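Numbering (our numbering), first residue to last: 582 to 764.
All C-beta atoms in this analysis are idealised placements derived from N, C-alpha and C, irrespective of residue type, glycine included.
These figures come from a predicted structure and were not determined experimentally.
Right, one structure below, let's go through it.
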């Protein structure tokens with residue numbers, strides 16, 4: 582279904598970072614070529630080896646590390662990508678992207694790609710509701726970025742949009758974006 586599509590899955594540091602491995606596996610099962618970028622914080626939640634095994638590609642951790650191949654620099658990844666998915670996306674990476682900060686491999690790739698850029702947020706609801714975070718999300722939307730969010734109802738009855746969407750929902754949205762782009 583996604584044969585010939587190049588997707589970057591970028592993983593940031595928060596508790597559902599491990600779910601990104603399932604996202605990568607499901608995209609590969611749909612025949613997409615998946616490259617993974619991990620922030621330093623993400624490596625505290627899940628090992629890069631998990632993503633190397635799931636994607637079949639080297640995992641990019643540091644923009645200044647010696648490349649495993651000559652095709653892993655931020656510019657090469659950014660140029661070949663059809664879609665950049667940041668999942669989970671923390672308030673930190675959303676803020677960096679909205680304000681043009683490029684101080685690591687992921688934020689540099691976000692700024693240098695022309696691919697569809699999609700954020701799947703995950704953060705504490707109080708963080709998500711802060712005006713600065715909402716401004717950053719609005720700025721990114723105005724810049725053409727997409728957000729994959731799913732209404733989640735907590736046991737208390739409170740409805741949240743700040744939690745990572747279900748994996749199947751993310752896959753469905755990414756597939757829909759790529760197939761619509763191909764038309």
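**Report entry** Span of the beta strand (DSSP E) around residue 700
**Finding:** Segment 697-702, the beta strand (DSSP E) holding residue 700.
Report task. Excluding the 5 residues preceding and the 5 following residue 598 in the sequence, name in chain order all residues of the same chain whose CB lies nearer than 7 Å to its CB. Result -> Taken in chain order, the residues that qualify are 592, 623, 626, 627 and 669.
Query - Enclosing alpha helix (DSSP H) for residue 687 [first to last residue] - result: Where residue 687 is concerned, the enclosing alpha helix (DSSP H) stretches over 686-693.
Report task. Count the other C-beta atoms from every protein chain shown that fall within 10 angstroms of the C-beta of residue 736, then say buried if there are 16 or more, exposed otherwise. Result -> Looking at its Cβ environment, which holds fewer than 16 other Cβ atoms inside 10 Å, residue 736 is exposed.
Query - Secondary structure, beta strand (DSSP E): runs of 3+ residues fully inside the region 591-626 - result: DSSP runs (the beta strand (DSSP E)) wholly in the region 591-626: 614-619.
Query raised in the report: Residue range of the beta strand (DSSP E) that residue 667 falls in?
Result: From DSSP, the beta strand (DSSP E) with residue 667 extends over 664-670.
Requested in this report: Would you mind working out which of 724, 600, 643 and 743 sits nearest residue 689, comparing C-alpha positions?
Outcome: Of 724, 600, 643 and 743, the residue nearest in Cα terms is 643.
Query raised in the report: Beta-carbon separation of residue 609 and residue 637 under 9 Å?
Result: The answer is yes: Cβ separation under 9 Å.
Requested in this report: Go ahead and label residue 663 buried or exposed: buried means 16 or more other beta carbons lie within 10 angstroms of its beta carbon, across all protein chains shown.
Outcome: Burial state of residue 663 is buried, judged by a 10 Å Cβ sphere holding 16 or more other Cβ atoms.
Query raised in the report: Hey, residue 639 and residue 672: beta-carbon distance below 9 Å or not?
Result: Their beta carbons are not under 9 Å apart, which means residue 639 does not touch residue 672 by this criterion.
Requested in this report: Over the uninterrupted alpha helix (DSSP H) stretch that includes residue 629, give me the two end residues.
Outcome: Residue range 629-636 is occupied by the alpha helix (DSSP H) that includes residue 629.
Query raised in the report: What is the DSSP secondary structure of residue 658, reduced to helix, strand or coil?
Result: Reduced to three states, the DSSP call for residue 658 is helix.
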